[in-house]
Structures are given as structure tokens and as C-alpha cells.
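What follows is a single structure, written as C-alpha cells, with notes after it.
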Amino acid sequence: MNQFNKETPQTNDNYGMTYDYGSLMHYGGTSASFNKKPTMVPFDVNYQQTLGSPFISFIELSMLNEHYKCKERCDPRTSVKCEMGGFPHPRDYEKCICPGGYGGARCTERPSGCGEKIQAFTKWVTLEDVVDNNRENEDFLTCNYWIESPVGTDIQVRLLDFTKGLSVDGCKYAGVEIKTNKD
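For what it's worth, UniProt numbering labels the leading residue of the sequence shown as 1, then goes sequentially.
Here it is, written out as C-alpha cells:
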């Protein structure tokens, strides 16, 4: 089978989960390119820079647990009830495995460590943070900022500057992920 063949729902089972552009198993957007131009482009071009990753994603971890039926071993009457798409840890049903950006016992809290909860304002506010590491896969630092606003309002984010020279498929040196979807 050619590695660049398009898959269909009949040939590819995503276990009912959304497509994972940032999958460890996904090629980067310029993989096998002779001229550094894209060899694949997602329907939504906003995902172009997210194609591929050197790290296992939450969706892949969830799919593995689904494939090996780990989630079925959890008794829903006694297992922790995970939120935000998280699921009970297969070796400790009182703990959740949470998607990136979420933590706590039930995936309802901002993870501890770098970052903070911020209330959005009607005027632009500058948030400055330096998060980078020029070494691949070493001491990867994650900061989680939760920007909140009243229900029914929008939040606008503008990146004024970003690490130069480290732009590679999968963002293995530095990156920004802005969660905009309900999932």
C-alpha cells in the first residue's frame, strides 16, 4: 500500500474520534518534498502547520485504549467520571487521562505548573511568555493559559512575535496551541 493513498472510513477506523492532524503517525506537511513545498494540505489550511508530531497525542492514546479495550475494563459505577473527553486510567480507575490543557482528578482544572487563568478584557492586553527549548524532545515545557470570557462573547488572540528559526513540522521545539473547538 502506498503511504500517500487517501484513506476512507471503510479502510481507516478512528474509533469515532476526530481526525488527528498532529498525530505521531501523521507525516508533516512537507514530508518527501523535493522543494520544501507542501506534499499534503488539509481541507482546513489552519491545520497545515500542525501536521505530524514527534510526540504521541492524546487522541492516539485514547485510540490505543479503545483498540485494546482498556476503557471497557473500567466499571462506570466505580470509576472516576472524566470530563473534557478524558478517560479513566486503565491501571488506576480513580485517575483520569486528560487531553492537553486539562488536569485535575476529573480533567476540569488547569494543569499545575506554568501558566494561569486569565479573564479576557474588552481592550487588548499583552501576555508575554518565553517558552522554547532548542533541543528536540528534551525537557519539553508546557504552559497552559486559560483565557475566559462571559458566555456568548468571543476571545481574540493575536500573536505579535514568535520564536524564529525553529519552525519545523510537528512543532517539536516550540509551539502554540489555541483550542477553539468544543472537543
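Even glycine gets a Cβ: it sits at the ideal position worked out from N, Cα and C.
Worksheet entry | Where L51 falls, given that 16 or more other Cβ within 10 Å makes a residue buried | What you label residue 51 is simply residue 51 of the sequence shown in a count that begins at 1. Around the C-beta of L51, 16 or more other C-beta atoms lie within 10 Å, and the residue is accordingly described as buried.
Practice prompt. Rank G175, T122 and V41 by C-alpha distance to the C-alpha of G29 and give the top, closest one.
Written response: For the purposes of this step, residue 29 is taken as the residue at position 29 of the sequence shown. The closest CA to that of G29, considering only G175, T122 and V41, is found on V41.
Worksheet entry | Where K172 sits in the DSSP three-state scheme | Position 172 of the sequence shown holds residue 172. Correct three-state label for K172: coil.
Practice prompt. Kindly identify the DSSP beta-bridge partner or partners of P88.
Written response: Position 88 of the sequence shown, counted from the first residue, corresponds to residue 88. Note: P88 sits in a beta bridge opposite C96.
Practice prompt. With E109 as the anchor, note down where its alpha helix (DSSP H) starts and where it stops.
Written response: What you label residue 109 is simply residue 109 of the sequence shown in a count that begins at 1. Premise fails: E109 is in no alpha helix (DSSP H) and is neither H nor E.
Discussion item. I want to know whether the stretch 142 to 154 touches the stretch 105 to 117 - three or more CB-CB distances under 8 Å.
Written reply: The stretch 142 to 154 makes contact with the stretch 105 to 117: 3 or more CB pairs, one atom from each, lie closer than 8 Å.
Discussion item. Please report the distance separating the alpha-carbon of K6 from that of F43.
Written reply: For this step, residue 6 is matched to residue 6 along the sequence shown. For this step, residue 43 is matched to residue 43 along the sequence shown. Roughly 13 Å separates the two Cα atoms.
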